[in-house]
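Structure first, commentary second.
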């Protein structure tokens, strides 16, 4: 009981300090899953489809990974998670901690930036599907047919629609950040 209270308070304070919508820690030994809301459950990797992300993370054998999923203890909000492996001083695996930001919040931030700077900002995956942003039209053909520079950045001027497009691949999340702006010579 005391351990659960301590985890809850620690995660709650940490999440509040860094403005995360969710934060969690899972023990590999017990499979106990704690969040900033308190003890959530004992994970069932064989029978609970919500818990598949944990096995997938372990199979990656990486220090950290980003994942988009429903945040089960937080009203199933669609969330971008960063999951981080926890090892002891001998390098032995102990569990995972994760923190996340619900995508509705992130979309609101992008919308504010778009309005402030008169831009379109969005993220696409490697198939050209928009994973985060407010753009409603098809964006696949605009970007993926263009040659990327070696550093993962590319720029283009779309004469047909009179706009600039800049993009940069973000390896850590496997998405490409795209920024578009209509050319307006009166602002130059």
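Residue numbers (the numbering used here): 245 to 432. Beta carbons: idealized from backbone N, C-alpha and C, even for Gly.
- Task: Measure the C-alpha to C-alpha separation of residue 290 and residue 277 and round it to an integer number of angstroms.
- Result: 15 Å
- Environment of residue 422 [buried if 16+ CB atoms lie within 10 Å]: buried
- Hey, is the region 359–374 in contact with the region 303–310, meaning 3+ C-beta pairs nearer than 8 Å? no
- Task: Return the residue from the list 334, 283, 270, 264 that minimises the CA-CA distance to residue 246.
- Result: 283
- Task: Could you say if the region 332–344 and the region 262–270 meet the contact criterion of at least three C-beta pairs nearer than 8 Å?
- Result: yes
- Message: Just to confirm my understanding: we take residue 258, look at its own chain, exclude 5 residues before and 5 after, and list those with CB closer than 7 Å. What are they?
- Response: 267
- Give me the Cα-Cα distance between residue 270 and residue 253, rounded to the nearest whole angstrom. 15 Å
- If you scan the region 308–387 from start to end, which runs of the alpha helix (DSSP H) of 4 or more residues do you find wholly inside it? 347–361, 384–387
- Task: Check each candidate in 427, 251, 352, 371 and name the one with the smallest Cα separation from residue 407.
- Result: 427
- Task: Determine the direct distance from the alpha carbon of residue 319 to that of residue 348, and round the result to whole angstroms.
- Result: 13 Å
- Query: How would you label residue 274, buried or exposed, when you count the other beta carbons within 10 angstroms and need 16 or more for buried?
  - Reply: exposed
- Identify the residues that DSSP records as bridge partners of residue 282: which are they? 279
- 6 Å CB neighbourhood of residue 285 in its chain, flanking five on each side removed: 277
- Query: Based on Cα-Cα distance, which residue from 301, 317, 323 lies nearest to residue 329?
  - Reply: 301
- Output the boundary residues of the alpha helix (DSSP H) element that contains residue 306. Looking at the DSSP string, residue 306 is not in any alpha helix (DSSP H), and its letter there is neither H nor E.
- Nearest-angstrom Cα distance between residue 414 and residue 370? 11 Å
- Query: What three-state label does DSSP hand residue 392 in the structure shown?
  - Reply: Model confidence at residue 392 stands at a pLDDT of 49, short of 50, so the residue's coordinates are unreliable; what they give is reported in the following sentence. Of the three classes helix, strand and coil, the one that applies to residue 392 here is coil, per DSSP.
- Own chain residues within Cβ distance below 8 Å of residue 350, not counting five before or after: 324, 376
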